[in-house]
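Okay, so the sequence shown: first residue is 1 according to full-length UniProt numbering, each after it adds one.
Ideal Cβ positions, reconstructed from N, Cα and C, are used throughout, including at glycine.
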Amino acid sequence: MLDSQAVAGGESPAELLFRAAAMVPAERYALAAIAVVSFFLYRFLELHVIGDVLRGFRGGRVELTFHPASEIYHRVASKCRSLHGRYLATPWLASPHLQTLFLGISGRPPSFTYKRQLYTVRDGGTIALDWLLAFDLEDADGFISKDDSTPLVVVVPGLTSDSAAAYVKHLVYSIASKGWNVVVSNHRGLGGVSITSDCFYNGGWTEDVREVIKYLHHRYPKTPLFCIGTSIGANIVVKYLGEEGENTPVAGAASICSPWDLLIGDRFISRKLVQRIYDKALAIGLKGYAKLHQPVLARLANWEGIKKSRSIREFDHHATCVVASYETVDTYYRRCSSASFVGNVSVPLLCINALDDPLCTREAIPWDECRANKNIVLATTPNGGHLAFFQGLTAGRLWWVGAASEFLFALHESSSMHWQKANDHVLHSSLESSIDKSPYVNIMEDGMVAAVTKDGPSNNDGSPSDHEVDGVQLSNGVVDRQQLEVSGEKHNEHVSEAGNESPAGSANRQGDDIYSNKLHEIIAPVKRSINQLTRHQGRSIWLLAYIAFVTSWPLLGSLAFITFRKKFRNPLRAK
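Below, the structure written as structure tokens:
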């Protein structure tokens, strides 16, 4: 007893601790290491296997955000089972990072062949349009006729992606197999096409989408056009819809995993270690894209800076901002963020985002703006990754593909599709009037400004009547200059008849001439008001009433003055 105490008293605490640790079996240390690594990986990879087990593998509920009075929800989205169910990720891909990684490596896309069309835009750039028609899957040769009414879906891929991306092929094949036609509008310089102008695409470049949609609408005027944007392509599509408002031929659209606010996304992607890995990976992809077009970029941008870029922000600083003439990177991000354009979207739009998206943070989702717009339905899921949403044990399906397709099909069968209002193409008169929306204005015989419908007056044969202004025929709805002068001519005739065989006849005629000149001076503000009205088409009837009051009271006052002047002239002479 005394010997053992003496031995213990001669050892340091560290030696005693080491001796005690050596007595623990190695298997215990292995199990502890596995537990620590598993916990770290579970948090680092954001696995949700335990959550799926606790929910009985039912998946997370799809949450919808919409305006309470939204007809798009009540008539379209309410009929979509996918949007009112749950999403369960593939068990062995129960992580947003695993899903995103698997989509980039494999994705298991269907096998088919596109038909390519090269389209040249106005500035000389070339866009590859890759088509998959419904009858292409039936091994039948054919083409779309001009009078074809089969719906056509325009797909806009994400950053550095083209029609060969796995998620794009999943989407295209799913829609074509259901009888619709699909065309993928590749970004400039992608899809194996060279840059043929000094213009490159970026996160807010909507000109290519705008021109492609106009071209397709002009070529197939009876075909309902739908549009689906993915990732940065979703940002472009939503921004385009917000810029166009009502003036777009798109009948409906879907936004999948949009970044919404590029500035918030830039802060998010450089915040954590795993996000910085994505940032560097995307920067490598952008540098690969730049290397394909080095002869052009080396002339337009800072090529040395591009080669040294290690993040998306650095690439945008040396390439995007230089080519697109943005002052700073933050300026580019602010101006090109689609969140600022959500309020002006006038097309039925389904937006899908995963709350665990490792690239597009939930912080950037414009919840309130989507809830305030009656045309938008926002669907969010707890899981899904970036553009992945794999389903089934074999990960053979993407949930968002079925949800977006179901929404567009339900929209096509409803009465809620958006239809572009037809614009009347007429020659402009000397009044420079270009009114093409109700309410129109018409100058009546009594000098009052009145509103008329868009159809306007018609002839007895039912054909629309035309007006002639300075020898130019104008279609109905454009203000007739002759009507501006009719009240003045009638009044001149009345004054001339009253002044015949009168001693003051010459004086009256001089007064009439003076009044005629004043009348033209009074009509001039009317013309200017009409010109202003044509530059601000679609204003409310209250604005029109205000213009009528402001511009007509001088004319009515002049008429009243002349009338009362004649009544009091004789009593004054008698005195």
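- Positions of the alpha helix (DSSP H) runs, each at least 4 residues long and wholly inside the stretch 314-386, are given as 321-324, 329-335 and 367-372 in order along the chain.
- In this chain, the alpha helix (DSSP H) harbouring residue 405 covers 399-413.
- Residue state for residue 122 is assigned as coil, using DSSP reduced to three classes.
- Sequence-distant partners of residue 296 (beyond 5 residues in either direction) whose C-beta falls short of 6 Å from its own C-beta, in its chain, are 195.
- Here residue 115 is bridged, per DSSP, to 131.
- Burial state of residue 394 is exposed, judged by a 10 Å Cβ sphere holding fewer than 16 other Cβ atoms.
- Straight across, the Cα-Cα distance linking residue 358 with residue 276 is about 10 Å.
- Relative to the Cα of residue 228, the nearest Cα in the group 336, 250 and 119 belongs to 250.
- Contact annotation: residue 377 and residue 72 have beta-carbon atoms nearer than 7 Å.
- In this structure the stretch 352-368 lies against the stretch 88-108, because at least three pairs of beta carbons, one per stretch, are closer than 8 Å.
- DSSP places residue 391 within a strand segment (E or B) once states are collapsed to three.
- Within a 10 Å sphere around the beta-carbon of residue 74 sit fewer than 16 other beta-carbons, which makes this residue exposed.
- Under DSSP, residue 252 takes part in a beta bridge, and its partners are 226.
- When C-beta atoms of the stretch 124-144 are compared with those of the stretch 163-182, three or more pairs fall below 8 Å, so the two segments count as touching.
- Per the Cβ contact rule, the stretch 331-349 is in contact with the stretch 237-246 (3 or more Cβ pairs under 8 Å).
- For residue 36, the uninterrupted alpha helix (DSSP H) run begins and ends at 26-44, by DSSP.
- According to the DSSP assignment, residue 65 belongs to the beta strand (DSSP E) that extends over 63-66.
- Between residue 402 and residue 82 a beta carbon distance of about 6 Å is seen, short of the 8 Å cut, so the two are scored as contacting.
- Counting only residues of its own chain and dropping the five nearest sequence neighbours on each side, residue 363 has a CB closer than 7 Å to the CB of 264 and 268.
- DSSP places residue 235 inside the alpha helix (DSSP H), whose first and last residues are 232-244.
- Under the rule that a run must span 3 or more residues, the beta strand (DSSP E) segments found entirely inside the stretch 62-104 read 63-66.
- Under DSSP, the beta-bridge partners assigned to residue 185 are 129.
- Take residue 388, set aside five residues on each side of it, and the residues of its chain with a beta-carbon closer than 6 Å to its own are 99, 100 and 103, in chain order.
- Our two residues, residue 420 and residue 303, have alpha carbons roughly 43 Å apart in a direct line.
- The Cβ atoms of residue 290 and residue 312 do not sit closer than 7 Å to each other.
- Listed in chain order, the beta strand (DSSP E) elements of length 3 or more contained wholly in the stretch 261-295 amount to none.
- Residue burial is scored here from C-beta neighbours: residue 368 has fewer than 16 other C-beta atoms within 10 angstroms and is therefore classed as exposed.
- Exclusion of the five residues before and after residue 370 leaves 65, 342, 351, 376 and 378 as the residues of its chain whose Cβ lies within less than 7 Å of its Cβ.
- With a threshold of 16 other beta carbon atoms within 10 Å, residue 92 falls short and is exposed.
- Apart from the 5 residues on each side of it in sequence, residue 416 sits with its Cβ closer than 7 Å to the Cβ of 71, 72, 75, 76 and 348 in its chain, given in chain order.
- Closest option to residue 337, judged by alpha-carbon separation, among 372, 234, 187 and 212: 234.
- Relative to residue 385, the option among 45, 36 and 61 whose CA is nearest is 45.
- Pairing residue 41 with residue 24, the inter-Cα distance amounts to about 26 Å.
- Looking only at 309, 318 and 310, the smallest Cα-Cα distance to residue 299 is reached by 318.
- When beta bridges are read from the DSSP output, residue 152 appears opposite 181 and 225.
- When the five nearest sequence neighbours on each side are left out, the beta carbons in the same chain lying within less than 8 Å of the beta carbon of residue 193 are those of 118, 126, 127, 128 and 186, in order along the chain.
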